[in-house]
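First to last, the sequence lines map onto chains A and B.
In terms of the working numbering, the first sequence opens at residue 1 and continues consecutively.
In terms of the working numbering, the second sequence opens at residue 409 and continues consecutively.
For every residue, glycine included, the Cβ atom is placed at its ideal position computed from N, Cα and C.
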Amino acid sequence: MNLTQSIVEALESLNSNKLRSGLTILGIVIGVAAVVAMLGVGQGAQNTITSSISGIGSNLLFVFPGNMTEEVRNVQPLTINDVAALQDTLEAPSIAGVAPTISGSVTVTYGREKVTTSVEGITPDYALVRNYSVTEGDFINSEQQLGKASVVLLGPDVAEKLFGRKDGIVGESVRIEGQPFRVIGILESKGGGSFGSQDNVVMVPITTAQARLINRNHDEVDVIYISAISADAVNQASEEVAQILRYRHRTAIGADDFTIFSQQDFVTTAKTITGVFTVFLGGVAAISLLVGGIGIMNIMLVSVTERTREIGLRKALGARKRDILIQFLTESSLLSLFGGIIGIIFGWLIAFVIGRIAAANNTPFTPTIGIDAILLATLFSTAVGLFFGIYPANRAANLEPVEALRYE
Amino acid sequence: MSDCVIQAIDLTKVYSMGIVEVHALRGVSFCINRGEVVSIMGPSGSGKSTLMNLLGCLDHPTSGEYILDGESVASLNDDQLASIRNRKVGFVFQSFNLLPRSTALANVELPLRYSGVSTNRIERARKALEAVGLADRVNHKPTELSGGQQQRVAIARALINDPAILMADEPTGNLDSKSGKEIMELILSLNKERGTTVIVVTHDPGIAAQTQRVIRLIDGKLEQPE
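What follows is the structure, given as structure tokens:
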């Protein structure tokens, strides 16, 4: 018997019991649809997160105090003096700009409107390093920094909440933690990132923040943002930062007491997290595919029992074990293949709907169903059909013709 | 001896059911000549079905030798037996055993599929159906045919590979007397035309009387050893 014939016969046989075949296929459809949808959603989430991280800027480095992978005793904080050392272009030729920040959470009020938001204490270099600009007014300048001026830049979300608009606000006065600040500019919108909106922020000179808003030890900073002179120089810049800080913190031997992160590191971390997430979701979905497979096995066993006489007859007419085996395996594989194809379509629909729901809830992301997910689902579901078909098919193939013919 | 298409030498068959051994055949030897029409008779439990299964290559004998059309088949494995059945044995069953979902043509064609014939299958099946007088029922399914017609399809199927022997197990058992008579006439005329050896297993002395020779079994032995 050649393959085409087996397929035609299997189709005839499946067709003769439409409801049963349909329900069996449904089991696989649900399994494959779940797997495809979950992989698509996971992949989409990953793409969204990594692209929003990439938006931070490809030549940016983050320096945090402390070591995130090893335990280090006597962690020295990052200070303004560290920042000054990093700004030395002879020691660090690959560094274009250095922007120390301290941050905290504050309540901002205007009249009766009240917003709780994060505050960043920044230097004028911040605009260059983080590639920020203002839609109106001016950025913080060095005079304001030296003079610990009570001036503030509002993020667009904060402006919207306090004033109900995003322009014509410069010159207004708001209160931060009860103290009056003059609004000198409105930040451009950076959009909603996966770590919360980057627009829900206010920025004040770092000196002002230290003196009035955020309680920090003298000269201490939370994060130093560093921009490399180019995207290619990021690794070089990272190495220079590490050498300077090791020298200054006297940690030339032993573990670093600071951590340097590049955008690439964030992307890698985010990919790891979303990867685990995707595998987990896919794994849960795979369980339903397994259940579908058991459904195939169940129905094939029933079918073998029902068709015992037919099997006996076929054997009497000269069918070898192989022929019977192939006949039943073809049937179970076809069941799961159809289930797989329909499941892919359904899974795609589900992922699409999830994307739409996410968009409606202001977290836009596009579920991505790659050709690899489709291939995987098709192969996997056919393999499920083959695997769960083997036992029933074997049982059919090993029936004794005499017994099978006598079966009532 | 040389013209024996079937030669059974001291065939025995023992079924073990748990600890009890059932001796279904206790040493049966006979020869059936090419072109002969023979009936096998015997009461229930005489080993009639067992003998038919052995002669039809559906089962292995416990001991003894069986030569079918010059080939010793007692020691062949299952797949080799399947091939022998396909080429050398045609079966006609009491309950027809047609595939209910397939047309008469597809049913008759079925053995050809298993023998690896890839050309002219449909044509050959159509000719076989013509030979049993069903040229106008080619595309009917078994449920659309009368019992007699179904048995004709089964006979066409049995003869499609031009086998050495035709094994008919109570071929008229499920038919009314008129169709039964027609079926026997058909079998006998095919024997005359083609020279196919025919073995009919039956209870019916009337059927047995139409055959050239009767092999009677009692308690697993031949009643009149030859």
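Apply the 10 Å Cβ neighbour rule to residue i and answer buried if 16 or more other Cβ atoms are within range, or exposed otherwise.
| i | result |
| --- | --- |
| residue 620 of chain B | exposed |
| residue 550 of chain B | buried |
| residue 303 of chain A | buried |
| residue 48 of chain A | buried |
| residue 409 of chain A | In the structure as shown, chain A begins at 1 and stops at 408. Residue 409 of chain A is therefore absent and cannot be evaluated. |
| residue 23 of chain A | exposed |
| residue 90 of chain A | exposed |
| residue 331 of chain A | buried |
| residue 280 of chain A | exposed |
| residue 398 of chain A | exposed |
| residue 315 of chain A | buried |
| residue 379 of chain A | exposed |
| residue 361 of chain A | exposed |
| residue 74 of chain A | exposed |
| residue 528 of chain B | exposed |
Between the alpha carbons of residue i and residue j, how many angstroms are there, rounded?
| i | j | result |
| --- | --- | --- |
| residue 194 of chain A | residue 57 of chain A | Since pLDDT at residue 194 of chain A reaches only 43, below the 50 mark, its modelled position is unreliable, and the value read off the structure follows with that caveat. Answer to the nearest angstrom: the Cα atoms are 15 Å apart. |
| residue 598 of chain B | residue 468 of chain B | 29 Å |
| residue 507 of chain B | residue 455 of chain B | 28 Å |
| residue 94 of chain A | residue 103 of chain A | 27 Å |
| residue 46 of chain A | residue 375 of chain A | 20 Å |
| residue 9 of chain A | residue 300 of chain A | 15 Å |
| residue 16 of chain A | residue 524 of chain B | 26 Å |
| residue 563 of chain B | residue 627 of chain B | 30 Å |
| residue 124 of chain A | residue 131 of chain A | 11 Å |
| residue 186 of chain A | residue 277 of chain A | 37 Å |
| residue 70 of chain A | residue 76 of chain A | 15 Å |
| residue 13 of chain A | residue 288 of chain A | 26 Å |
| residue 228 of chain A | residue 283 of chain A | 41 Å |
| residue 387 of chain A | residue 188 of chain A | 58 Å |
| residue 306 of chain A | residue 391 of chain A | 16 Å |
| residue 411 of chain B | residue 439 of chain B | 9 Å |
| residue 465 of chain B | residue 337 of chain A | 38 Å |
| residue 429 of chain B | residue 499 of chain B | 29 Å |
Which chain A residues sit within Cβ distance under 8 Å of residue i?
| i | result |
| --- | --- |
| residue 519 of chain B | 317, 318 |
| residue 477 of chain B | Within 8 Å Cβ-Cβ: nothing; residue 477 of chain B doesn't reach chain A, min ~15 Å. |
Between the Cα of residue i and the Cα atoms of the options, which residue gives the shortest distance?
| i | options | result |
| --- | --- | --- |
| residue 62 of chain A | A/185, A/83, A/401 | A/83 |
| residue 247 of chain A | A/190, A/296, A/81 | A/81 |
| residue 485 of chain B | A/111, A/320, A/405 | A/320 |
| residue 579 of chain B | B/572, B/589, B/571 | B/589 |
| residue 441 of chain B | B/475, B/466, B/470 | B/475 |
| residue 154 of chain A | A/183, A/326, A/276 | A/183 |
| residue 11 of chain A | B/605, B/496, B/510, B/574 | B/510 |
| residue 395 of chain A | A/290, A/212, A/161, A/327 | A/327 |
| residue 309 of chain A | B/503, B/434, B/430, B/487 | B/503 |
| residue 297 of chain A | A/134, A/383, A/275, A/44 | A/383 |
| residue 254 of chain A | A/72, A/3, A/237 | A/72 |
| residue 595 of chain B | B/565, B/624, B/623 | B/565 |
List the whole-angstrom C-beta distance separating residue i from residue j, where the pair is believed to meet the contact cut-off of C-beta under 8 Å.
| i | j | result |
| --- | --- | --- |
| residue 343 of chain A | residue 28 of chain A | 6 Å |
| residue 181 of chain A | residue 152 of chain A | 4 Å |
| residue 351 of chain A | residue 41 of chain A | 6 Å |
| residue 340 of chain A | residue 405 of chain A | At roughly 36 Å, the Cβ-Cβ gap does not stay under 8 Å, so residue 340 of chain A and residue 405 of chain A are not in contact. |
| residue 140 of chain A | residue 203 of chain A | 7 Å |
| residue 436 of chain B | residue 477 of chain B | Contact doesn't hold; Cβ gap of about 19 Å is too wide. |
| residue 447 of chain B | residue 616 of chain B | 4 Å |
| residue 117 of chain A | residue 223 of chain A | Residue 117 of chain A to residue 223 of chain A, Cβ: 18 Å. No contact. |
| residue 115 of chain A | residue 209 of chain A | With 8 Å as the limit, residue 115 of chain A and residue 209 of chain A do not qualify as a contact, their Cβ atoms being about 17 Å apart. |
| residue 555 of chain B | residue 515 of chain B | Actually they are not in contact, since the Cβ atoms of residue 555 of chain B and residue 515 of chain B sit about 15 Å apart, beyond 8 Å. |
| residue 517 of chain B | residue 539 of chain B | Not quite, the Cβ-Cβ distance comes to about 14 Å (not below 8 Å), so this is no contact. |
Mind pulling the chain B residues with CB within less than 8 Å of residue i?
| i | result |
| --- | --- |
| residue 12 of chain A | 509, 510 |
Does the beta carbon of residue i come closer than 9 Å to any beta carbon on chain D?
| i | result |
| --- | --- |
| residue 43 of chain A | In the structure shown, chain D cannot be found, because the protein chains are A and B. |
Starting from residue i, find everything on chain B with Cβ-Cβ shorter than 7 Å and list it in chain order.
| i | result |
| --- | --- |
| residue 303 of chain A | Going along chain B, no residue has its Cβ under 7 Å from residue 303 of chain A, so there is no contact; the nearest lies around 13 Å. |
| residue 310 of chain A | 507 |
| residue 493 of chain A | Any answer about residue 493 of chain A is impossible in this case: the structure gives chain A only from 1 up to 408. |
| residue 323 of chain A | 522 |
List the residues of chain A whose Cβ lies closer than 7 Å to the Cβ of residue i, in chain order.
| i | result |
| --- | --- |
| residue 490 of chain B | 315, 318, 319, 320 |
| residue 442 of chain B | Those within 7 Å of residue 442 of chain B in chain A number zero; the least Cβ separation is about 21 Å. |
| residue 461 of chain B | 402 |
| residue 494 of chain B | 317, 318 |
Identify the contact partners of residue i in chain B, using a Cβ-Cβ distance below 9 Å as the criterion.
| i | result |
| --- | --- |
| residue 5 of chain A | 521 |
| residue 16 of chain A | 508, 509 |
Could you tell me which chain A residues have their CB closer than 9 Å to the CB of residue i, listed as they occur along the chain?
| i | result |
| --- | --- |
| residue 570 of chain B | Chain A residues near residue 570 of chain B: none, gap ~13 Å exceeds 9 Å. |
| residue 560 of chain B | Residues of chain A passing the Cβ test: none, with the nearest at roughly 17 Å. |
| residue 635 of chain B | With chain B covering 409 to 634 only, the question about residue 635 of chain B has no answer from this structure. |
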